[in-house]
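In the numbering used here, the protein residues as written are 264 to 602.
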């Protein structure tokens, strides 16, 4: 019954999904290490340094841990914002998810008595999708996202490592079947079939280059970024399980960003960028990376009306912004049949 109590209290704390699994090493740790060894993490050192070994066993984070409580929080909005991934248009989810997890832990102490715990929201070396799958929240699809049959994949994930001994839930079956829509739709071929399931090659991923990568984007990757300036939702948009995906009803997770044309985004000053995006995930790109991404999107647009803006950006004192604006300007100035 304890696991059912956890699910009920989690729902009362605002989480649409919840489940429990044992705090034991996962057999998928080796697959993660193979992914790292293959260089698919790119320049994301937080995935490849000493923390990679910590991911093997959740008890490295809490020695007394016996269970992992996994939760899912819907973030899909009723409308999309052009150029920006859906998860990034809401206020930064880390603090809000963490507060919800702390409230859940506090409520559970009222039910079960005192216990040791730690709360995590994608900032700790923990294979969170793996444990969410084992806890019954969903399966890991070919797009490498956790997919729940009822609500789809537009989910933030969080975990509580706890010393409580809770009955574990069971993972659901993989329901991707023979569908390969996400693989076929990825413009940069970042989803690579292999092993038990598809893996994401970050060095070919739009989200990686528009969010995580610093400095110049390799020239051969720029066209594939299309008009995305922060993240990418293509592999989720085409997923059949998301065709009727639920939308968030939580006012704390409603959109904090409104759609704006690229020319307006290119004109933002550092102060305006900070004011507009400081409390959203978009802040992660920093101002230079943001303008770099806008320049690439303009270059890919084939809209020669952007040429004056790109000429101004090409004269920027920021060498990264200038280099990408120059590239974009050359694309727009080239004969249309050569673009």
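No residue lacks a Cβ here, since even glycine has one placed at the ideal position from N, Cα and C.
May I ask you to verify whether the region 312–328 touches the region 377–393, counting CB pairs closer than 8 angstroms and requiring at least 3? With a cut-off of 8 angstroms, the region 377–393 and the region 312–328 count as touching, because enough Cβ pairs lie within range.
Can residue 469 and residue 488 be called in contact, C-beta distance under 7 angstroms? Numbered from 1 along the chain shown, position 206 holds the residue referred to as residue 469. Numbered from 1 along the chain shown, position 225 holds the residue referred to as residue 488. In this structure, residue 469 places its C-beta atom within 7 angstroms of the C-beta atom of residue 488.
Three-state secondary structure (DSSP) at residue 373? Taking the first residue of the chain shown as 1, we reach residue 373 at position 110. Residue state, collapsed to three classes: helix.
Please give the ranges of any beta strand (DSSP E) in the region 373–432, keeping only runs that are unbroken, at least 3 residues long and fully inside the region. Within the region 373–432, the complete beta strand (DSSP E) runs of at least 3 residues are 380–383, 418–425.
Closest by C-alpha distance to residue 336, when choosing among 452, 432, 356: Counted from its first residue, the chain shown places residue 336 at position 73. The residue from 452, 432, 356 with its alpha-carbon nearest to that of residue 336 is 356.
8 angstroms Cβ shell around residue 577 - same chain, five flanking residues per side excluded: Translated into positions along the chain shown, residue 577 becomes position 314. Hits under 8 angstroms: 585, 588, 589, 592.
CA-to-CA distance, residue 504 to residue 583, given in whole angstroms: As a position in the chain shown, residue 583 is number 320, starting the count at 1. As a position in the chain shown, residue 504 is number 241, starting the count at 1. Each residue's alpha carbon lies about 39 angstroms from the other.
In the DSSP assignment, what are the bridge partners of residue 285? In the chain shown, counting from the first residue as 1, residue 285 sits at position 22. In the DSSP output, where bridge partners are listed per residue, residue 285 has 330.
What does DSSP give as the partner residue(s) for residue 455 in the beta ladder? Stepping through the chain shown from its first residue, residue 455 is reached at position 192. Per the DSSP secondary-structure output, residue 455 pairs in a beta bridge with 462.
Helix, strand or coil for residue 336? Go by DSSP, reduced to three states. Here residue 336 corresponds to residue number 73 of the chain shown, with the count starting at 1. Note: residue 336 maps to strand in three-state DSSP.
How do the region 519–537 and the region 341–349 stand: do at least 3 beta-carbon pairs fall below 8 angstroms, yes or no? Result yes; three or more Cβ-Cβ pairs closer than 8 angstroms.
State the DSSP-derived secondary structure class of residue 324, mapped to helix, strand or coil. One-based indexing of the chain shown puts residue 324 at position 61. Collapsing the DSSP output to three states places residue 324 in coil.
Throw me the rounded Cβ distance for the residue 371 and residue 283 pair, which I believe falls under 8 angstroms. Translated into the one-based positions of the chain shown, residue 371 becomes position 108. Translated into the one-based positions of the chain shown, residue 283 becomes position 20. Separation of the CB atoms of residue 371 and residue 283 is rounded to 11 angstroms, and the pair is thereby denied contact status at 8 angstroms.
Beta carbon of residue 465, beta carbon of residue 303: below 7 angstroms? Along the chain shown, read from residue 1 onward, the residue named residue 465 stands at position 202. Along the chain shown, read from residue 1 onward, the residue named residue 303 stands at position 40. Yes; because the gap between Cβ atoms is below 7 angstroms, this pair is in contact.
Buried or exposed by the 16-neighbour rule on C-beta atoms within 10 Å, applied to residue 507: Residue mapping note: residue 507 aligns to position 244 of the chain shown, counting from 1. Exposed.
Alpha helix (DSSP H) segment containing residue 533, residue limits: For the purposes of this step, residue 533 is taken as residue 270 along the chain shown, with counting starting at 1. Where residue 533 is concerned, the enclosing alpha helix (DSSP H) stretches over 533–540.
Buried or exposed (CB count within 10 angstroms, at least 16 for buried), residue 308: By 1-based counting over the chain shown, the position of residue 308 is 45. Burial call: exposed.
Which residues share a DSSP beta bridge with residue 497? Translated into positions along the chain shown, residue 497 becomes position 234. Residue 497 is bridged by DSSP to nothing; it lacks a bridge partner.
Have a look at residue 272 and residue 367 and give me their C-alpha separation to the nearest angstrom. Here residue 272 corresponds to residue number 9 of the chain shown, with the count starting at 1. Here residue 367 corresponds to residue number 104 of the chain shown, with the count starting at 1. Their backbone Cα atoms lie some 7 angstroms apart in a straight line.
Just to confirm, are residue 330 and residue 378 a CB contact at a threshold of 7 angstroms? On the chain shown, position 67 is the one that residue 330 refers to. On the chain shown, position 115 is the one that residue 378 refers to. Residue 378 is positioned such that its CB atom lies no closer than 7 angstroms to that of residue 330.
Determine the burial state of residue 290: buried for a count of at least 16 other Cβ atoms within 10 Å of its Cβ, exposed for fewer. Counted from its first residue, the chain shown places residue 290 at position 27. Counting the other CB atoms within 10 Å of its CB gives residue 290 a total below 16, which places it among the exposed residues.
Would you call the CB atoms of residue 375 and residue 422 closer than 7 angstroms? Numbered from 1 along the chain shown, position 112 holds the residue referred to as residue 375. Numbered from 1 along the chain shown, position 159 holds the residue referred to as residue 422. Cβ atoms of residue 375 and residue 422: not closer than 7 angstroms.
Label residue 443 either buried or exposed according to how many other C-beta atoms from any shown protein chain fall within 10 Å of its C-beta, with 16 as the threshold for buried. In the chain shown, the residue the question calls residue 443 occupies position 180. By the 10 Å Cβ count, residue 443 comes out exposed.
Three CB pairs or more closer than 8 angstroms across the region 402–419 and the region 493–501: Contact holds: three or more Cβ-Cβ distances are below 8 angstroms.
Local conformation of residue 559 per DSSP, three classes: Here residue 559 is taken as the residue at index 296 of the chain shown, counted from 1. If DSSP states are grouped into helix, strand and coil, residue 559 belongs with the helices.
With distances taken from CA atoms, which of 571, 581, 407, 537 is nearest residue 438? The count along the chain shown starts at 1 and reaches residue 438 at position 175. Of the listed residues, the one whose Cα sits closest to residue 438 is 407.
What residues in its chain sit with their C-beta under 7 angstroms from that of residue 433, if we drop five residues either side in the sequence? Here residue 433 is taken as the residue at index 170 of the chain shown, counted from 1. Only 399 meet the Cβ criterion.
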